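Notes for the one structure printed next.
Protein chains: 4
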Amino acid sequence: MSPPARRTGRPRSAEADRAILGATRAALVELGWSKLTMGDVAARAGVAKTTLYRRWTNKSELVVDAVAALLDEQLELPDLGSLRADVEETVLRFAALLARPEARTSLMAVVAEATRDEALRERIRTAIVDRQKRLVLLGRERAQARGELLREADLAAAARNADLIFDVIAGAVMHRTLVSADAVDAPWARDFAELLLCGLPAPAPAQKPAGSV
Amino acid sequence: MSPPARRTGRPRSAEADRAILGATRAALVELGWSKLTMGDVAARAGVAKTTLYRRWTNKSELVVDAVAALLDEQLELPDLGSLRADVEETVLRFAALLARPEARTSLMAVVAEATRDEALRERIRTAIVDRQKRLVLLGRERAQARGELLREADLAAAARNADLIFDVIAGAVMHRTLVSADAVDAPWARDFAELLLCGLPAPAPAQKPAGSV
Amino acid sequence: MSPPARRTGRPRSAEADRAILGATRAALVELGWSKLTMGDVAARAGVAKTTLYRRWTNKSELVVDAVAALLDEQLELPDLGSLRADVEETVLRFAALLARPEARTSLMAVVAEATRDEALRERIRTAIVDRQKRLVLLGRERAQARGELLREADLAAAARNADLIFDVIAGAVMHRTLVSADAVDAPWARDFAELLLCGLPAPAPAQKPAGSV
Amino acid sequence: MSPPARRTGRPRSAEADRAILGATRAALVELGWSKLTMGDVAARAGVAKTTLYRRWTNKSELVVDAVAALLDEQLELPDLGSLRADVEETVLRFAALLARPEARTSLMAVVAEATRDEALRERIRTAIVDRQKRLVLLGRERAQARGELLREADLAAAARNADLIFDVIAGAVMHRTLVSADAVDAPWARDFAELLLCGLPAPAPAQKPAGSV
DNA sequence: TATTAACCGAGACGGTACGTCGGGTCTTGTA
DNA sequence: TACAAGACCCGACGTACCGTCTCGGTTAATA
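Protein chains in written order, with the numbering used here: chain A, 43 to 255; chain B, 43 to 255; chain C, 43 to 255; chain D, 43 to 255.
Rendered as structure tokens:
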């Protein structure tokens, strides 16, 4: 069932594979998705266009693969002694990643493409989202150990909550960077952490009776 | 201030503006971003291609404006009597909009394109971001009137805060929808509103004594 | 029958007429027929396009009028004492005229346009051809007076002959200049006059028995 | 000498060359120069527009070649036994060609365009002028073989002379047809051949006693 | 060692859309 | 009315990229 390993004929050049992916990543950084052309990638890789199409059926497929390789870098969770400090630092690290043009461009390109490609969406979910979610889980673990966070009884609720926090953090940073086109700097990170930990500033401390969720 | 110029010559047809934006939205729905062509939009609008390019330099710019109009008409702030309910409802409305393929696709395409196009970024900011921020401002106004929110003394801080809240709400919804590829439904909206209003659940109400923040 | 002289309303600006024709000639010289645009002419004349179209229905009509004015300069027949010398000098003068880009360009443009415009053809015939034919008639007159040329008995034949000579001289110069793209210089003029006066070089003097022609 | 290059890559389709030139001629006949469009030619030829532009940079260049092919196929030198008869027949054949509107129109259009386009002038020279000059060379060869013409000693002079004769014949016919707008018919051809072979009718330098005619 | 099938580069091909340009018309406000 | 300005419709222009298709030539496994 698995590919019976083509046997006859000249085998494909592994060199070419490497060169093509490298050239694609370079072109992505310089030009972005929409101005990247197959002809240009081929030229950069010192390869014929035919060679590209022998391996990938599409511009999309090629670029997605190139991006996937690019995004294998991972964020690491800091441990600064308090939940608030850890959140701020994580936000700043993620923003630093998004500040790099190749990351920003290719991430968005792949997300945009995914808006009309179910398979790609699934691929993003497993390759990126699920992998980064561990940061939230780990951070919560630590905070609970420190006594900074309530330990949730309901397991399902706990999972749902982790998902929510992940979307809030990642979404806020991405939205500010890519849509609002504003900088994510230390003051913003501080304000964001404050909001995340304490919520909107209610007028009277007495308004929140004891025992509320 | 801005429109004192343009006195001589035949004025631009407002009719054409409407027809073009309408045709663009219709084409987006039917074809999606990538298959939408300027020529087709012109034909649908009963207008010459030149007339499009006299108003928008690009396919991107045109689509940004069409999307902005779409958001304008679709997003209204509800008034359900409490900040919490208003937030939930707004989140759900925004999610409903993103569930429509033409909105999702074109919004993301435009954002992706903007990652390497400063002018487009600026246009998104003025045409979409600044315009939708009114929802946050209006919502805060009402909540303060109801006594649900502290009235901020510092004006600059108030503005910064509105920006932050906007990015958090819009970012969370977009990220969950487009990146995490999960549904934004009523339970999620409830959890999100809870988090936004109250922050992460601290273990004891008395735990935050002196010296905080 | 003659134009009843419009009376009401603002009269047309004679200034504008002059400016337009001048601008057209200037544009013809610089750009040639095909790259001359109505918009450019209007701009040079400091006039709106509407004003052009109020006076001429077409680009063609406008340019033809401009060319006609240009060609009102005339060639003068020299009198150098012999038919041969007069022919050579006339050829060189005509060539000098064709060497001027505005003359060359606009003349050809108008002729090309005439290939599909009967009315224009007629206009060229009366405005240019018939007017220049006088040179042939005058030259023949003088040569006959000097005894260099046979005086034709048949009047119709004489007229036909003048037409022929005109086409041969003008045609040869124009063809060499415009089609063959070679220079019409003194040696060529000499060779041409020799050919015109004596015909192709026959091998034996005895071949043309008396009384021929 | 000229085609040693071009070794790699897919070779250009000779089929396409034929189809394009054929389609161009057909379009010229139906539409004339100014209404002929590259897109239409491509469609008729069953070829992409790109393929046209890969071979010809311009509408003008393409039409020049199409016209050249037209002349090639239409103009053959007759052999009627005498130089005089051959000249007459050639003149009539050329005139018949110029009577066809597509030939007349496109030839003139191309020449007019060339008055301000050096590259086009060069192309006309090589594609049309040099190619048709063969008729003069061949005709002279035959006439000399028959003993009707002097064999020139000086080679350079012979070449100059062929150029001259070509310009005289082609120029006279074109001028009469296109500028004078008169018919080139059998009588005119006879008069022209007489003039070309014998020159202007001199009164016989002393040979002919006074009072002749 | 010779065969041979699949590879490779180059580049032409049919398409489709792009953004621009010019022709000729129409619509303003002003003189 | 004419005029300057400039928007309008139309249609062709020449370009760019897509993904496919020959070409002539190379290269490793097989026979």
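Yeah, the Cβ is synthetic: ideal placement off N, Cα and C, and Gly gets one too. All values reported here derive from a predicted model rather than from experimental measurement.
The stretch 51–70 of chain B / the stretch 235–245 of chain A touching (three or more Cβ pairs under 8 Å): no
Coarse secondary structure for residue 115 of chain B, derived from DSSP in three states: Within the second sequence, residue 115 of chain B is the residue found at index 73, counting from 1. If DSSP states are grouped into helix, strand and coil, residue 115 of chain B belongs with the helices.
Nearest residue (CA-CA) to residue 167 of chain D, options C:156, C:110, C:215, C:222: In the fourth sequence, counting from the first residue as 1, residue 167 of chain D sits at position 125. The candidate whose alpha carbon is nearest that of residue 167 of chain D is C:222.
Three-state class that DSSP yields for residue 77 of chain B in the structure shown: Residue mapping note: residue 77 of chain B aligns to position 35 of the second sequence, counting from 1. Of the three classes helix, strand and coil, the one that applies to residue 77 of chain B here is coil, per DSSP.
Boundaries (first-last residue) of the alpha helix (DSSP H) holding residue 194 of chain C: Working through the third sequence from its first residue, we reach residue 194 of chain C at position 152. Here residue 194 of chain C belongs to no alpha helix (DSSP H), and DSSP marks it neither H nor E.
Every unbroken alpha helix (DSSP H) inside the stretch 136–217 of chain B [4 residues or more]: 143–156, 160–166, 172–188, 197–216
Local conformation of residue 224 of chain B per DSSP, three classes: The residue you call residue 224 of chain B lines up with position 182 of the second sequence. In the structure shown, residue 224 of chain B sits in coil (DSSP, three-state: anything other than H, G, I, E or B).
Cβ pair count under 8 Å reaching 3, the stretch 95–110 of chain B against the stretch 193–207 of chain B: no
For residue 156 of chain B, the nearest candidate out of A:190, A:77, A:160 (CA to CA): As a first step, residue 156 of chain B is located in the second sequence; it is residue number 114 there, counting from the start. Ranking A:190, A:77, A:160 by Cα distance to residue 156 of chain B puts A:77 first.
Rounded C-alpha distance that separates residue 240 of chain D from residue 137 of chain C: The residue labelled residue 240 of chain D in the question sits at position 198 within the fourth sequence. The residue labelled residue 137 of chain C in the question sits at position 95 within the third sequence. Straight-line Cα distance between these residues: approximately 25 Å.
Neighbourhood of residue 81 of chain D by C-beta, 8 Å cutoff - its chain only, sequence neighbours within 5 removed: Locating residue 81 of chain D in the fourth sequence gives position 39, where the first residue counts as 1. 91.
Range of the contiguous alpha helix (DSSP H) that encloses residue 96 of chain B: Translated into positions along the second sequence, residue 96 of chain B becomes position 54. Here the alpha helix (DSSP H) through residue 96 of chain B covers 91–97.
Secondary structure of residue 52 of chain A, DSSP reduced to three states: In the first sequence, counting from the first residue as 1, residue 52 of chain A sits at position 10. Residue state, collapsed to three classes: coil.
C-alpha gap between residue 237 of chain B and residue 145 of chain A, whole angstroms: As a first step, residue 237 of chain B is located in the second sequence; it is residue number 195 there, counting from the start. As a first step, residue 145 of chain A is located in the first sequence; it is residue number 103 there, counting from the start. Answer to the nearest angstrom: the Cα atoms are 29 Å apart.
Member of D:51, D:205, D:162, D:126 whose CA lies at the smallest distance from the CA of residue 100 of chain D: Here the question's residue 100 of chain D lines up with position 58 in the fourth sequence. Considering only alpha carbons, the answer is D:162.
Cβ separation of residue 210 of chain B and residue 214 of chain A, assumed to be a contact under 8 Å, to the nearest whole Å: Residue 210 of chain B sits at position 168 when you count from the first residue of the second sequence. Residue 214 of chain A sits at position 172 when you count from the first residue of the first sequence. Between residue 214 of chain A and residue 210 of chain B the Cβ distance is about 5 Å, and since that is below 8 Å, they are a contact.
Residue environment, residue 50 of chain C, which counts as buried when at least 16 other CB atoms sit within 10 Å: Against the third sequence, residue 50 of chain C aligns to sequence position 8. By the 10 Å Cβ count, residue 50 of chain C comes out exposed.
Contact under 9 Å by Cβ, residue 119 of chain B with residue 180 of chain B: As a first step, residue 119 of chain B is located in the second sequence; it is residue number 77 there, counting from the start. As a first step, residue 180 of chain B is located in the second sequence; it is residue number 138 there, counting from the start. Cβ atoms of residue 119 of chain B and residue 180 of chain B: closer than 9 Å.
Cβ of residue 223 of chain D within 9 Å of any chain C Cβ: Taking the fourth sequence and counting its residues from 1, the one referred to as residue 223 of chain D is at position 181. Judged by the 9 Å Cβ criterion, residue 223 of chain D is in contact with chain C.
Three-way DSSP call (helix, strand, coil) for residue 121 of chain B in this model: The count along the second sequence starts at 1 and reaches residue 121 of chain B at position 79. Correct three-state label for residue 121 of chain B: coil.
Outcome for residue 94 of chain C when other beta-carbon atoms lying within 10 angstroms are tallied against a minimum of 16: Looking up residue 94 of chain C in the third sequence gives position 52. Residue 94 of chain C comes out buried.
Within chain C, the residues that residue 155 of chain D reaches when beta carbons sit closer than 7 Å: Residue numbering aside, residue 155 of chain D sits at position 113 when the fourth sequence is read from its first letter. 76, listed in chain order.
Beta carbon proximity, residue 139 of chain A to chain B, threshold 9 Å: In the first sequence, residue 139 of chain A corresponds to position 97, counting from 1. By this cut-off, residue 139 of chain A is not an interface position.
Cutoff 9 Å: residue 220 of chain B Cβ touching any chain A Cβ: On the second sequence, position 178 is the one that residue 220 of chain B refers to. Chain A contact via Cβ: present.
Interface partners of residue 244 of chain B on chain A, CB under 9 Å: Position 202 of the second sequence, counted from the first residue, corresponds to residue 244 of chain B. What residue 244 of chain B touches in chain A: 190, 191, 192, 239, 240.
Interface flag, residue 166 of chain C vs chain D, CB-CB below 9 Å: Residue numbering aside, residue 166 of chain C sits at position 124 when the third sequence is read from its first letter. It does: the Cβ of residue 166 of chain C has a partner Cβ on chain D nearer than 9 Å.
Interface flag, residue 257 of chain C vs chain D, CB-CB below 9 Å: No statement about residue 257 of chain C is possible, as the shown extent of chain C runs from 43 to 255 and does not include it.
Members of the stretch 84–95 of chain A that neighbour chain B once the beta carbon cut-off is set at 9 Å: none
Chain B contacts made by the stretch 196–218 of chain A, where a contact means CB separation under 8 Å: 202, 203, 205, 206, 207, 208, 209, 210, 212, 213, 214, 215, 216, 217, 218
Assigned exposure category for residue 188 of chain D - 16 Cβ within 10 Å defines buried: Along the fourth sequence, one-based indexing puts residue 188 of chain D at 146. Flag for residue 188 of chain D reads exposed.
Any chain B beta carbon closer than 9 Å to residue 233 of chain A: Taking the first sequence and counting its residues from 1, the one referred to as residue 233 of chain A is at position 191. It does; some Cβ of chain B falls within 9 Å.
Reduced DSSP secondary structure (H/G/I, E/B, other) of residue 242 of chain D: On the fourth sequence, residue 242 of chain D is found 200 positions in, with the first residue counted as 1. Coil, per DSSP.
Proximity below 9 Å, CB of residue 54 of chain C to CB of residue 96 of chain C: Translated into positions along the third sequence, residue 54 of chain C becomes position 12. Translated into positions along the third sequence, residue 96 of chain C becomes position 54. Yes, they are a contact pair.
Exposure label - residue 191 of chain D; buried when at least 16 CB within 10 Å: Here residue 191 of chain D refers to the residue found at position 149 of the fourth sequence. The residue in question, residue 191 of chain D, is buried, as its Cβ has 16 or more Cβ neighbours within 10 Å.
CB contact check: residue 65 of chain C to chain D, cutoff 9 Å: In the third sequence, counting from the first residue as 1, residue 65 of chain C sits at position 23. For residue 65 of chain C, the answer is no, since every Cβ of chain D falls outside 9 Å of its Cβ.
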